[in-house]
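Residue numbers (full-length UniProt numbering): 1 to 572. Comments concern the structure below.
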(Lines of atoms letter the chains of each structure in order from A and count residues from 1; the text may use other names and numbers.)
(Lines give C-alpha, C1' and ligand atoms only; values in the text may rest on other atoms or scores of the structure.)
Protein backbone atom coordinates (compact mmCIF):
# COMPACT_ATOMS: atom_id res chain seq x y z
CA UNK A 1 0.00 0.00 0.00
CA UNK A 2 1.43 3.35 -0.98
CA UNK A 3 1.34 6.32 1.37
CA UNK A 4 1.59 9.87 0.07
CA UNK A 5 2.64 12.59 2.50
CA UNK A 6 0.89 15.97 2.21
CA UNK A 7 0.61 17.59 4.25
CA UNK A 8 -39.12 32.74 21.60
CA UNK A 9 -37.54 30.41 24.20
CA UNK A 10 -39.36 27.40 25.58
CA UNK A 11 -39.41 26.74 29.30
CA UNK A 12 -38.50 23.48 31.00
CA UNK A 13 -40.66 22.51 33.95
CA UNK A 14 -39.43 20.59 36.95
CA UNK A 15 -40.78 17.11 37.54
CA UNK A 16 -43.98 17.37 39.57
CA UNK A 17 -42.49 15.06 42.22
CA UNK A 18 -39.06 16.70 42.41
CA UNK A 19 -38.01 18.32 45.65
CA UNK A 20 -35.75 20.87 43.94
CA UNK A 21 -35.20 22.41 40.58
CA UNK A 22 -33.81 19.97 39.29
CA UNK A 23 -17.19 23.86 17.73
CA UNK A 24 -5.75 26.95 5.51
CA UNK A 25 -5.32 24.85 2.65
CA UNK A 26 -2.46 22.48 3.50
CA UNK A 27 0.29 22.83 0.94
CA UNK A 28 1.64 19.44 -0.15
CA UNK A 29 4.74 18.19 1.58
CA UNK A 30 7.30 16.00 -0.19
CA UNK A 31 5.99 12.62 -1.28
CA UNK A 32 6.92 9.70 0.88
CA UNK A 33 6.08 6.04 0.52
CA UNK A 34 5.35 3.75 3.38
CA UNK A 35 4.50 0.06 3.29
CA UNK A 36 1.77 -1.67 5.25
CA UNK A 37 0.95 -5.34 5.42
CA UNK A 38 -2.01 -6.28 3.26
CA UNK A 39 -4.83 -7.51 5.47
CA UNK A 40 -7.57 -8.16 2.92
CA UNK A 41 -8.50 -11.78 2.27
CA UNK A 42 -8.12 -13.09 -1.28
CA UNK A 43 -11.35 -14.45 -2.75
CA UNK A 44 -11.61 -18.14 -3.52
CA UNK A 45 -13.63 -19.74 -6.26
CA UNK A 46 -17.24 -19.99 -5.21
CA UNK A 47 -20.67 -20.34 -6.71
CA UNK A 48 -22.20 -18.18 -3.98
CA UNK A 49 -21.85 -14.84 -5.74
CA UNK A 50 -20.41 -12.89 -8.64
CA UNK A 51 -18.94 -9.39 -8.80
CA UNK A 52 -21.61 -6.73 -8.85
CA UNK A 53 -21.58 -3.31 -10.47
CA UNK A 54 -23.00 -1.83 -7.30
CA UNK A 55 -20.24 -3.26 -5.11
CA UNK A 56 -17.35 -2.15 -7.27
CA UNK A 57 -16.48 -5.73 -8.27
CA UNK A 58 -16.48 -7.07 -4.71
CA UNK A 59 -18.01 -10.48 -4.01
CA UNK A 60 -20.43 -10.14 -1.12
CA UNK A 61 -21.87 -12.81 1.16
CA UNK A 62 -25.27 -14.30 0.35
CA UNK A 63 -28.17 -12.91 2.36
CA UNK A 64 -28.48 -14.70 5.70
CA UNK A 65 -24.92 -16.02 5.78
CA UNK A 66 -24.28 -14.32 9.13
CA UNK A 67 -27.28 -16.09 10.61
CA UNK A 68 -25.84 -19.45 9.53
CA UNK A 69 -22.60 -18.68 11.36
CA UNK A 70 -24.14 -16.60 14.13
CA UNK A 71 -21.38 -16.89 16.70
CA UNK A 72 -18.70 -15.45 14.42
CA UNK A 73 -21.00 -12.62 13.42
CA UNK A 74 -21.85 -11.94 17.05
CA UNK A 75 -18.15 -11.57 17.83
CA UNK A 76 -18.24 -8.39 15.73
CA UNK A 77 -21.50 -7.13 17.19
CA UNK A 78 -20.10 -7.52 20.70
CA UNK A 79 -17.35 -5.03 19.83
CA UNK A 80 -19.92 -2.25 19.95
CA UNK A 81 -19.60 -0.13 23.08
CA UNK A 82 -22.38 2.43 22.82
CA UNK A 83 -21.33 4.91 20.10
CA UNK A 84 -17.84 3.37 19.86
CA UNK A 85 -16.19 0.08 18.92
CA UNK A 86 -13.80 -1.39 21.50
CA UNK A 87 -12.02 -4.67 22.04
CA UNK A 88 -8.86 -6.49 23.07
CA UNK A 89 -6.15 -5.90 20.47
CA UNK A 90 -3.13 -7.50 22.16
CA UNK A 91 -2.55 -10.62 24.23
CA UNK A 92 -2.02 -10.04 27.92
CA UNK A 93 -5.40 -9.90 29.63
CA UNK A 94 -6.29 -12.93 31.66
CA UNK A 95 -9.48 -14.50 30.41
CA UNK A 96 -9.86 -12.02 27.56
CA UNK A 97 -8.88 -13.29 24.11
CA UNK A 98 -7.97 -10.88 21.31
CA UNK A 99 -11.16 -9.94 19.47
CA UNK A 100 -10.29 -6.62 17.82
CA UNK A 101 -8.32 -8.25 15.02
CA UNK A 102 -7.16 -6.66 11.76
CA UNK A 103 -9.99 -8.44 9.91
CA UNK A 104 -12.53 -7.15 12.43
CA UNK A 105 -11.26 -3.58 12.01
CA UNK A 106 -11.25 -3.90 8.22
CA UNK A 107 -14.89 -5.00 7.95
CA UNK A 108 -16.04 -2.36 10.43
CA UNK A 109 -14.18 0.34 8.47
CA UNK A 110 -15.62 -0.88 5.17
CA UNK A 111 -19.10 -0.94 6.66
CA UNK A 112 -18.65 2.59 8.01
CA UNK A 113 -17.63 3.78 4.54
CA UNK A 114 -20.72 2.18 3.00
CA UNK A 115 -22.95 3.60 5.74
CA UNK A 116 -21.43 7.05 5.15
CA UNK A 117 -22.09 6.92 1.41
CA UNK A 118 -25.73 6.04 2.05
CA UNK A 119 -26.07 8.66 4.79
CA UNK A 120 -24.66 11.43 2.58
CA UNK A 121 -26.50 10.08 -0.47
CA UNK A 122 -23.33 10.00 -2.52
CA UNK A 123 -23.42 7.86 -5.69
CA UNK A 124 -20.89 5.09 -6.28
CA UNK A 125 -17.71 6.54 -7.78
CA UNK A 126 -18.04 9.95 -6.12
CA UNK A 127 -15.15 10.65 -3.74
CA UNK A 128 -15.66 10.35 0.01
CA UNK A 129 -12.82 11.85 2.06
CA UNK A 130 -12.20 10.27 5.46
CA UNK A 131 -9.45 11.23 7.92
CA UNK A 132 -7.95 8.81 10.43
CA UNK A 133 -6.09 9.50 13.67
CA UNK A 134 -4.72 7.26 16.41
CA UNK A 135 -3.33 7.29 19.94
CA UNK A 136 0.11 5.75 20.69
CA UNK A 137 -1.07 2.21 21.49
CA UNK A 138 1.22 -0.59 20.33
CA UNK A 139 -1.54 -2.17 18.22
CA UNK A 140 -2.15 1.07 16.32
CA UNK A 141 0.12 0.54 13.30
CA UNK A 142 -1.18 -2.95 12.48
CA UNK A 143 -4.82 -2.04 12.96
CA UNK A 144 -4.41 1.24 11.03
CA UNK A 145 -3.36 -0.76 7.96
CA UNK A 146 -6.60 -2.75 8.26
CA UNK A 147 -8.59 0.44 8.78
CA UNK A 148 -7.14 2.03 5.64
CA UNK A 149 -7.84 -1.14 3.63
CA UNK A 150 -11.48 -1.28 4.77
CA UNK A 151 -12.13 2.37 3.94
CA UNK A 152 -10.53 1.93 0.51
CA UNK A 153 -12.75 -1.10 -0.18
CA UNK A 154 -15.73 1.18 0.43
CA UNK A 155 -14.41 3.70 -2.11
CA UNK A 156 -13.13 6.25 0.40
CA UNK A 157 -10.04 8.43 0.00
CA UNK A 158 -7.99 8.07 3.20
CA UNK A 159 -6.11 10.88 4.96
CA UNK A 160 -3.77 9.73 7.72
CA UNK A 161 -3.30 12.27 10.52
CA UNK A 162 -1.00 9.99 12.52
CA UNK A 163 -0.92 10.70 16.26
CA UNK A 164 -3.96 12.86 16.92
CA UNK A 165 -6.67 13.52 19.48
CA UNK A 166 -10.30 12.49 19.27
CA UNK A 167 -11.59 16.11 19.21
CA UNK A 168 -9.08 16.97 16.49
CA UNK A 169 -10.50 14.16 14.37
CA UNK A 170 -13.92 15.78 14.48
CA UNK A 171 -12.41 19.21 13.80
CA UNK A 172 -10.82 17.79 10.64
CA UNK A 173 -14.35 17.73 9.23
CA UNK A 174 -14.80 21.42 10.13
CA UNK A 175 -11.49 23.26 9.67
CA UNK A 176 -11.51 24.84 6.20
CA UNK A 177 -8.07 23.56 5.17
CA UNK A 178 -9.27 19.98 5.61
CA UNK A 179 -13.08 19.75 5.60
CA UNK A 180 -13.27 15.95 5.37
CA UNK A 181 -16.57 14.13 5.02
CA UNK A 182 -15.91 11.99 8.09
CA UNK A 183 -13.20 10.93 10.51
CA UNK A 184 -12.24 7.88 12.58
CA UNK A 185 -10.13 7.95 15.73
CA UNK A 186 -8.42 4.73 16.80
CA UNK A 187 -8.26 4.74 20.59
CA UNK A 188 -9.52 2.96 23.68
CA UNK A 189 -9.35 6.09 25.83
CA UNK A 190 -8.12 5.33 29.38
CA UNK A 191 -8.34 1.53 29.06
CA UNK A 192 -5.21 -0.67 29.32
CA UNK A 193 -2.59 -0.81 26.57
CA UNK A 194 -3.97 -4.17 25.40
CA UNK A 195 -7.23 -2.55 24.28
CA UNK A 196 -8.04 -0.45 21.24
CA UNK A 197 -11.12 0.85 19.51
CA UNK A 198 -12.74 3.19 17.01
CA UNK A 199 -14.67 6.44 17.38
CA UNK A 200 -16.60 7.78 14.40
CA UNK A 201 -17.46 11.33 13.31
CA UNK A 202 -19.27 13.13 10.54
CA UNK A 203 -19.72 16.87 10.21
CA UNK A 204 -22.76 16.54 12.48
CA UNK A 205 -20.65 15.13 15.32
CA UNK A 206 -20.14 11.69 16.83
CA UNK A 207 -22.25 8.80 15.65
CA UNK A 208 -25.07 7.51 17.84
CA UNK A 209 -25.30 4.03 19.32
CA UNK A 210 -28.00 3.23 16.76
CA UNK A 211 -25.69 4.25 13.91
CA UNK A 212 -22.85 2.11 15.22
CA UNK A 213 -25.19 -0.85 15.73
CA UNK A 214 -26.16 -0.67 12.05
CA UNK A 215 -22.49 -0.53 11.04
CA UNK A 216 -21.59 -3.51 13.25
CA UNK A 217 -24.52 -5.56 11.93
CA UNK A 218 -23.30 -4.96 8.38
CA UNK A 219 -19.72 -5.69 9.43
CA UNK A 220 -20.79 -8.99 11.03
CA UNK A 221 -22.04 -10.26 7.67
CA UNK A 222 -18.82 -9.22 5.96
CA UNK A 223 -16.74 -10.84 8.68
CA UNK A 224 -18.46 -14.20 8.25
CA UNK A 225 -18.10 -13.95 4.48
CA UNK A 226 -14.36 -13.21 4.71
CA UNK A 227 -13.84 -16.07 7.13
CA UNK A 228 -15.44 -18.33 4.54
CA UNK A 229 -13.06 -17.03 1.89
CA UNK A 230 -15.59 -14.83 0.08
CA UNK A 231 -14.84 -11.31 -1.04
CA UNK A 232 -12.23 -9.93 -3.41
CA UNK A 233 -8.83 -8.69 -2.30
CA UNK A 234 -9.58 -5.12 -3.33
CA UNK A 235 -7.21 -2.41 -4.51
CA UNK A 236 -4.39 -1.53 -2.08
CA UNK A 237 -5.26 1.88 -0.64
CA UNK A 238 -3.34 5.07 -1.36
CA UNK A 239 -3.14 7.06 1.86
CA UNK A 240 -2.41 10.77 2.06
CA UNK A 241 -0.47 11.86 5.15
CA UNK A 242 -1.61 15.23 6.53
CA UNK A 243 -0.62 17.46 9.44
CA UNK A 244 -3.91 18.21 11.17
CA UNK A 245 -2.62 18.76 14.71
CA UNK A 246 -0.70 21.92 13.78
CA UNK A 247 -3.87 23.49 12.37
CA UNK A 248 -5.92 22.35 15.38
CA UNK A 249 -3.34 23.81 17.79
CA UNK A 250 -3.43 27.09 15.89
CA UNK A 251 -7.21 27.05 16.20
CA UNK A 252 -6.97 26.74 20.00
CA UNK A 253 -4.28 29.44 20.24
CA UNK A 254 -6.38 31.86 18.22
CA UNK A 255 -9.36 31.33 20.53
CA UNK A 256 -7.28 32.14 23.62
CA UNK A 257 -5.68 35.23 22.05
CA UNK A 258 -8.97 36.62 20.74
CA UNK A 259 -10.98 36.07 23.90
CA UNK A 260 -8.33 37.26 26.33
CA UNK A 261 -7.39 40.23 24.10
CA UNK A 262 -4.49 41.05 26.40
CA UNK A 263 -3.95 44.83 26.49
CA UNK A 264 -0.12 44.73 26.47
CA UNK A 265 0.93 41.43 24.82
CA UNK A 266 -1.87 40.15 22.61
CA UNK A 267 0.13 37.32 21.03
CA UNK A 268 1.48 35.98 24.34
CA UNK A 269 -1.44 36.30 26.77
CA UNK A 270 -0.05 33.54 29.02
CA UNK A 271 3.23 35.32 29.69
CA UNK A 272 3.90 35.19 33.42
CA UNK A 273 1.71 32.11 34.01
CA UNK A 274 2.99 28.69 35.00
CA UNK A 275 0.95 25.70 33.82
CA UNK A 276 1.73 22.03 34.45
CA UNK A 277 0.45 19.48 31.94
CA UNK A 278 0.22 15.76 32.70
CA UNK A 279 -0.39 13.97 29.40
CA UNK A 280 0.04 10.47 30.86
CA UNK A 281 2.11 9.45 27.79
CA UNK A 282 -1.01 9.76 25.66
CA UNK A 283 -1.81 12.30 22.93
CA UNK A 284 -1.99 15.45 25.07
CA UNK A 285 1.64 16.59 24.93
CA UNK A 286 0.88 18.86 21.98
CA UNK A 287 -1.07 21.17 24.29
CA UNK A 288 2.15 21.96 26.15
CA UNK A 289 4.47 22.90 23.28
CA UNK A 290 2.00 23.86 20.53
CA UNK A 291 -0.52 25.80 22.59
CA UNK A 292 0.66 26.92 26.03
CA UNK A 293 4.35 27.60 25.33
CA UNK A 294 3.62 29.41 22.06
CA UNK A 295 1.31 31.71 24.03
CA UNK A 296 4.05 32.52 26.53
CA UNK A 297 3.32 30.09 29.39
CA UNK A 298 6.05 28.47 31.47
CA UNK A 299 5.38 24.71 31.46
CA UNK A 300 8.42 23.65 33.48
CA UNK A 301 7.65 20.53 35.50
CA UNK A 302 5.11 19.08 33.09
CA UNK A 303 4.73 15.30 33.23
CA UNK A 304 4.71 12.35 30.84
CA UNK A 305 4.45 14.37 27.63
CA UNK A 306 6.06 11.87 25.28
CA UNK A 307 3.66 9.32 23.72
CA UNK A 308 4.21 5.77 24.97
CA UNK A 309 1.70 3.07 24.13
CA UNK A 310 2.52 1.11 27.29
CA UNK A 311 1.50 4.06 29.54
CA UNK A 312 4.34 3.25 31.95
CA UNK A 313 3.81 5.97 34.57
CA UNK A 314 0.05 6.06 35.20
CA UNK A 315 -3.19 5.63 33.30
CA UNK A 316 -3.98 8.81 31.35
CA UNK A 317 -7.23 9.52 33.12
CA UNK A 318 -8.47 12.62 35.00
CA UNK A 319 -10.43 10.31 37.30
CA UNK A 320 -7.27 8.42 38.29
CA UNK A 321 -6.11 9.28 41.82
CA UNK A 322 -2.44 8.74 40.93
CA UNK A 323 -2.65 11.06 37.93
CA UNK A 324 -4.24 13.81 39.99
CA UNK A 325 -1.80 13.32 42.89
CA UNK A 326 1.27 13.50 40.65
CA UNK A 327 -0.08 16.66 39.05
CA UNK A 328 -0.84 18.20 42.42
CA UNK A 329 2.73 17.55 43.58
CA UNK A 330 4.14 19.16 40.43
CA UNK A 331 1.89 22.22 40.77
CA UNK A 332 2.98 22.79 44.36
CA UNK A 333 6.66 22.06 43.67
CA UNK A 334 6.83 24.58 40.83
CA UNK A 335 4.43 27.18 42.18
CA UNK A 336 2.19 26.77 39.15
CA UNK A 337 -1.05 28.62 38.57
CA UNK A 338 -2.77 25.57 37.11
CA UNK A 339 -2.30 21.86 36.52
CA UNK A 340 -3.94 19.97 33.67
CA UNK A 341 -4.59 16.22 33.36
CA UNK A 342 -5.68 14.73 30.04
CA UNK A 343 -6.93 11.29 29.24
CA UNK A 344 -5.29 9.32 26.43
CA UNK A 345 -7.16 10.82 23.48
CA UNK A 346 -7.85 14.23 25.10
CA UNK A 347 -11.63 14.16 24.96
CA UNK A 348 -11.61 14.45 28.77
CA UNK A 349 -9.64 16.58 31.20
CA UNK A 350 -9.33 17.59 34.83
CA UNK A 351 -7.40 20.38 36.49
CA UNK A 352 -5.57 21.21 39.72
CA UNK A 353 -5.75 24.77 41.05
CA UNK A 354 -2.89 26.83 42.46
CA UNK A 355 -3.49 25.48 45.97
CA UNK A 356 -3.14 21.88 44.80
CA UNK A 357 -6.86 21.11 44.99
CA UNK A 358 -8.06 18.56 42.45
CA UNK A 359 -10.90 19.75 40.24
CA UNK A 360 -12.59 16.83 38.53
CA UNK A 361 -15.98 15.13 38.73
CA UNK A 362 -18.64 17.39 40.25
CA UNK A 363 -16.02 20.05 40.98
CA UNK A 364 -15.07 20.35 37.30
CA UNK A 365 -18.72 20.57 36.29
CA UNK A 366 -19.24 23.29 38.89
CA UNK A 367 -16.22 25.25 37.62
CA UNK A 368 -17.38 25.04 34.01
CA UNK A 369 -20.93 25.93 35.09
CA UNK A 370 -19.68 29.06 36.84
CA UNK A 371 -17.78 30.14 33.71
CA UNK A 372 -20.61 29.36 31.29
CA UNK A 373 -23.37 30.86 33.44
CA UNK A 374 -21.40 34.11 33.59
CA UNK A 375 -21.45 34.15 29.79
CA UNK A 376 -24.98 32.79 29.35
CA UNK A 377 -27.15 33.64 32.37
CA UNK A 378 -29.98 31.22 33.04
CA UNK A 379 -28.70 28.48 30.76
CA UNK A 380 -29.49 24.81 31.29
CA UNK A 381 -26.62 22.51 32.32
CA UNK A 382 -27.03 18.81 31.45
CA UNK A 383 -25.15 16.18 33.46
CA UNK A 384 -25.37 12.45 34.02
CA UNK A 385 -27.45 11.23 36.94
CA UNK A 386 -24.39 10.58 39.13
CA UNK A 387 -24.03 14.30 39.84
CA UNK A 388 -24.77 15.43 43.41
CA UNK A 389 -27.57 17.48 44.93
CA UNK A 390 -24.87 19.95 45.96
CA UNK A 391 -24.07 20.56 42.30
CA UNK A 392 -27.74 21.17 41.55
CA UNK A 393 -27.89 23.79 44.30
CA UNK A 394 -24.61 25.35 43.08
CA UNK A 395 -25.99 25.77 39.56
CA UNK A 396 -29.31 27.12 40.86
CA UNK A 397 -27.53 29.64 43.11
CA UNK A 398 -25.99 31.16 39.98
CA UNK A 399 -29.31 31.38 38.17
CA UNK A 400 -28.87 28.22 36.12
CA UNK A 401 -30.95 25.09 35.65
CA UNK A 402 -29.77 21.52 36.05
CA UNK A 403 -30.99 18.62 33.92
CA UNK A 404 -29.90 15.20 35.25
CA UNK A 405 -29.93 12.60 32.51
CA UNK A 406 -28.89 9.02 31.95
CA UNK A 407 -25.26 7.94 32.30
CA UNK A 408 -23.12 7.95 29.14
CA UNK A 409 -21.36 10.93 27.60
CA UNK A 410 -23.19 10.52 24.27
CA UNK A 411 -26.53 10.44 26.10
CA UNK A 412 -25.70 13.65 27.95
CA UNK A 413 -24.54 15.47 24.82
CA UNK A 414 -27.50 14.29 22.75
CA UNK A 415 -29.84 15.48 25.49
CA UNK A 416 -28.30 18.94 25.25
CA UNK A 417 -28.74 18.96 21.48
CA UNK A 418 -32.38 17.91 21.91
CA UNK A 419 -33.10 20.61 24.47
CA UNK A 420 -31.63 23.30 22.21
CA UNK A 421 -33.71 22.01 19.31
CA UNK A 422 -36.76 22.24 21.59
CA UNK A 423 -35.98 25.87 22.37
CA UNK A 424 -34.37 25.34 25.78
CA UNK A 425 -31.07 27.26 25.88
CA UNK A 426 -28.45 24.69 26.89
CA UNK A 427 -24.79 25.70 26.63
CA UNK A 428 -23.02 23.07 28.75
CA UNK A 429 -23.27 19.27 28.81
CA UNK A 430 -20.91 17.37 31.12
CA UNK A 431 -20.51 13.90 32.52
CA UNK A 432 -18.87 13.34 35.90
CA UNK A 433 -16.11 11.35 34.12
CA UNK A 434 -14.73 14.58 32.62
CA UNK A 435 -16.43 14.43 29.23
CA UNK A 436 -17.72 17.92 28.55
CA UNK A 437 -19.27 19.62 25.52
CA UNK A 438 -20.24 23.19 24.78
CA UNK A 439 -22.82 24.51 22.36
CA UNK A 440 -20.28 27.08 21.16
CA UNK A 441 -17.88 24.25 20.17
CA UNK A 442 -20.14 22.09 17.98
CA UNK A 443 -21.40 20.05 20.97
CA UNK A 444 -18.01 18.33 20.92
CA UNK A 445 -16.57 16.69 24.04
CA UNK A 446 -13.09 18.20 23.88
CA UNK A 447 -10.85 18.07 26.95
CA UNK A 448 -8.44 20.59 25.43
CA UNK A 449 -11.24 23.06 24.70
CA UNK A 450 -12.45 22.77 28.29
CA UNK A 451 -8.95 23.68 29.48
CA UNK A 452 -8.89 26.57 27.01
CA UNK A 453 -12.03 27.95 28.67
CA UNK A 454 -10.47 27.58 32.12
CA UNK A 455 -7.17 29.17 31.01
CA UNK A 456 -9.04 32.15 29.54
CA UNK A 457 -10.92 32.60 32.82
CA UNK A 458 -7.65 32.37 34.79
CA UNK A 459 -6.10 35.19 32.75
CA UNK A 460 -9.23 37.33 32.90
CA UNK A 461 -9.34 37.00 36.68
CA UNK A 462 -5.76 38.21 36.96
CA UNK A 463 -6.36 41.11 34.58
CA UNK A 464 -9.38 42.07 36.70
CA UNK A 465 -7.26 42.02 39.86
CA UNK A 466 -9.27 39.25 41.49
CA UNK A 467 -7.73 37.30 44.34
CA UNK A 468 -7.32 33.53 44.18
CA UNK A 469 -7.12 31.14 41.26
CA UNK A 470 -9.89 29.38 39.37
CA UNK A 471 -10.57 27.20 42.40
CA UNK A 472 -12.05 30.23 44.16
CA UNK A 473 -14.99 30.09 41.76
CA UNK A 474 -16.31 26.92 43.41
CA UNK A 475 -15.59 27.63 47.08
CA UNK A 476 -19.30 27.44 47.92
CA UNK A 477 -19.90 24.07 46.25
CA UNK A 478 -21.43 21.62 48.75
CA UNK A 479 -19.62 18.33 48.32
CA UNK A 480 -20.79 14.85 49.35
CA UNK A 481 -19.44 13.47 52.61
CA UNK A 482 -18.27 10.46 50.63
CA UNK A 483 -18.25 9.64 46.94
CA UNK A 484 -17.35 6.18 45.65
CA UNK A 485 -17.96 4.59 42.28
CA UNK A 486 -19.22 1.01 42.63
CA UNK A 487 -19.72 -1.16 39.57
CA UNK A 488 -22.08 -4.09 39.14
CA UNK A 489 -20.96 -6.24 36.24
CA UNK A 490 -23.49 -8.24 34.24
CA UNK A 491 -23.29 -11.94 34.99
CA UNK A 492 -23.02 -14.60 32.31
CA UNK A 493 -21.40 -14.86 28.90
CA UNK A 494 -20.53 -11.59 27.08
CA UNK A 495 -22.76 -12.50 24.15
CA UNK A 496 -25.80 -12.35 26.46
CA UNK A 497 -24.77 -9.10 28.23
CA UNK A 498 -27.22 -6.74 26.53
CA UNK A 499 -30.14 -9.09 27.02
CA UNK A 500 -29.34 -9.70 30.69
CA UNK A 501 -28.79 -6.00 31.31
CA UNK A 502 -32.25 -5.29 29.95
CA UNK A 503 -33.68 -8.03 32.16
CA UNK A 504 -32.05 -6.46 35.24
CA UNK A 505 -33.60 -3.07 34.48
CA UNK A 506 -37.01 -4.64 33.88
CA UNK A 507 -36.80 -6.59 37.16
CA UNK A 508 -36.19 -3.38 39.12
CA UNK A 509 -38.91 -1.48 37.24
CA UNK A 510 -41.41 -4.23 38.00
CA UNK A 511 -40.40 -4.14 41.66
CA UNK A 512 -41.21 -0.41 41.81
CA UNK A 513 -44.40 -0.66 39.74
CA UNK A 514 -45.71 -3.40 42.05
CA UNK A 515 -45.33 -0.88 44.91
CA UNK A 516 -42.89 -3.07 46.81
CA UNK A 517 -40.74 -0.06 47.70
CA UNK A 518 -43.10 2.17 49.63
CA UNK A 519 -43.35 5.73 48.38
CA UNK A 520 -41.21 5.24 45.30
CA UNK A 521 -42.75 5.73 41.86
CA UNK A 522 -41.69 5.68 38.24
CA UNK A 523 -42.71 9.17 37.18
CA UNK A 524 -43.98 9.28 33.59
CA UNK A 525 -45.50 12.75 33.83
CA UNK A 526 -43.50 13.96 30.83
CA UNK A 527 -43.07 17.42 32.39
CA UNK A 528 -39.45 17.02 33.42
CA UNK A 529 -36.31 16.86 31.31
CA UNK A 530 -36.21 13.05 31.40
CA UNK A 531 -39.10 12.34 29.06
CA UNK A 532 -38.78 8.57 29.48
CA UNK A 533 -39.64 8.77 33.18
CA UNK A 534 -37.55 8.83 36.33
CA UNK A 535 -37.45 7.17 39.74
CA UNK A 536 -38.79 9.43 42.49
CA UNK A 537 -39.09 9.07 46.27
CA UNK A 538 -42.38 10.69 47.36
CA UNK A 539 -42.03 9.89 51.08
CA UNK A 540 -42.22 12.71 53.61
CA UNK A 541 -38.84 11.56 54.88
CA UNK A 542 -36.94 10.37 51.78
CA UNK A 543 -34.65 7.38 52.02
CA UNK A 544 -30.96 8.24 51.84
CA UNK A 545 -29.56 7.49 48.40
CA UNK A 546 -26.44 5.58 49.36
CA UNK A 547 -24.76 2.18 49.11
CA UNK A 548 -27.23 0.68 51.58
CA UNK A 549 -29.85 0.80 48.85
CA UNK A 550 -28.33 -2.44 47.59
CA UNK A 551 -30.86 -4.14 49.88
CA UNK A 552 -33.59 -3.03 47.49
CA UNK A 553 -31.56 -4.36 44.58
CA UNK A 554 -31.39 -7.76 46.24
CA UNK A 555 -35.07 -7.76 47.08
CA UNK A 556 -36.00 -6.90 43.49
CA UNK A 557 -34.04 -9.89 42.19
CA UNK A 558 -31.54 -7.99 40.03
CA UNK A 559 -28.70 -9.91 41.70
CA UNK A 560 -29.78 -12.76 39.46
CA UNK A 561 -28.38 -10.73 36.56
CA UNK A 562 -25.80 -8.46 38.23
CA UNK A 563 -22.71 -9.07 40.35
CA UNK A 564 -23.43 -7.05 43.51
CA UNK A 565 -20.38 -8.21 45.47
CA UNK A 566 -18.53 -4.89 45.14
CA UNK A 567 -21.46 -3.03 46.67
CA UNK A 568 -21.90 -5.59 49.45
CA UNK A 569 -18.18 -5.43 50.28
CA UNK A 570 -18.27 -1.65 50.50
CA UNK A 571 -21.32 -1.63 52.79
CA UNK A 572 -19.76 -4.16 55.14
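For each residue, glycine too, the CB sits at the ideal point set by N, CA and C. Nothing here was measured: the structure is a model prediction, and the numbers come from that model.
(request) Determine the burial state of residue 380: buried for a count of at least 16 other Cβ atoms within 10 Å of its Cβ, exposed for fewer. (result) Around the beta-carbon of residue 380, 16 or more other beta-carbon atoms lie within 10 Å, marking it buried.
(message) Does residue 510 come out as helix, strand or coil in the three-state DSSP assignment?
(response) For residue 510, the secondary structure class from DSSP, reduced to helix, strand or coil, is helix.
(message) Suppose you measure from the CA of residue 373 to the CA of residue 416; what does that come to, to the nearest Å?
(response) Straight-line measurement puts the Cα of residue 416 at about 15 Å from the Cα of residue 373.
(request) Pull up the distance between the alpha-carbon of residue 567 and that of residue 485, whole angstroms please. (result) Distance between residue 567 and residue 485, taken at the CA atoms: about 9 Å.
(message) With DSSP as the reference, identify every bridge partner of residue 284, one or two as the case may be.
(response) Residue pairing by DSSP places residue 284 in no beta bridge whatsoever.
(request) Taking residue 290 and residue 249 to be in contact with their CB atoms under 8 Å, please state how far apart those CB atoms are, rounded to whole angstroms. (result) The Cβ separation is near 4 Å, so the contact holds.
(message) Alpha carbons only, please: which of 160, 261, 312 and 75 is nearest the one belonging to residue 240?
(response) If we check each option's Cα against that of residue 240, 160 comes out closest.
(message) Between the alpha carbons of residue 76 and residue 146, how many angstroms are there, rounded?
(response) Their backbone Cα atoms lie some 15 Å apart in a straight line.
(message) Mapping the DSSP letters down to three states, classify residue 274 as helix, strand or coil.
(response) Here DSSP, grouped into helix, strand and coil, assigns residue 274 to strand.
(message) Does residue 251 come out as helix, strand or coil in the three-state DSSP assignment?
(response) Helix.
(message) Rounded to whole angstroms, what is the Cα-Cα separation between residue 470 and residue 540?
(response) Those two C-alpha atoms are separated by around 39 Å.
(message) With a threshold of 7 Å on Cβ separation, who are the neighbours of residue 227 within its own chain once the five nearest residues in sequence on each side are excluded?
(response) In the same chain as residue 227, and ignoring 5 residues on each side of it, the C-beta atoms closer than 7 Å to its own belong to 72, in chain order.
(request) List the endpoints of the continuous beta strand (DSSP E) containing residue 558. (result) Looking at the DSSP string, residue 558 is not in any beta strand (DSSP E), and its letter there is neither H nor E.
(message) Between the alpha carbons of residue 377 and residue 477, how many angstroms are there, rounded?
(response) Using only the alpha carbons, I get a separation of about 18 Å.
(request) Using three-state DSSP, classify residue 149 as helix, strand or coil. (result) In the three-state reduction of the DSSP assignment, residue 149 falls in the helix class.
(request) Quick one: measure Cβ to Cβ for residue 157 and residue 128, integer angstroms, because I've assumed they're closer than 8 Å. (result) Contact flag correct, Cβ pair sits at about 7 Å.
(message) Can you list, in chain order, the residues of its chain with a C-beta nearer than 6 Å to that of residue 106? Leave out the 5 residues immediately preceding and following it.
(response) Around residue 106: 39, 146, 149 and 150.
(message) Taking a contact to mean a Cβ-Cβ separation below 8 Å, would you say residue 138 touches residue 400 in this structure?
(response) No, the Cβ-Cβ distance between residue 138 and residue 400 is not below 8 Å.
(message) On the CB-based measure, 16 or more other CB atoms within 10 Å of its CB, does residue 92 come out buried or exposed?
(response) When all chains shown are included, residue 92 counts as exposed.
(message) Just to confirm before moving on: does the CB-CB distance between residue 190 and residue 315 stay below 8 Å?
(response) Their beta carbons are under 8 Å apart, which means residue 190 touches residue 315 by this criterion.
(request) Return helix, strand or coil for residue 371, following the three-state DSSP convention. (result) Residue 371: helix per DSSP, three-state reduction.
(request) Return helix, strand or coil for residue 295, following the three-state DSSP convention. (result) Assigned with DSSP and collapsed to three states, residue 295 falls in helix.
(message) Quick check on the burial criterion: 16 or more other C-beta atoms within 10 angstroms. Buried or exposed for residue 457?
(response) Burial call: buried.
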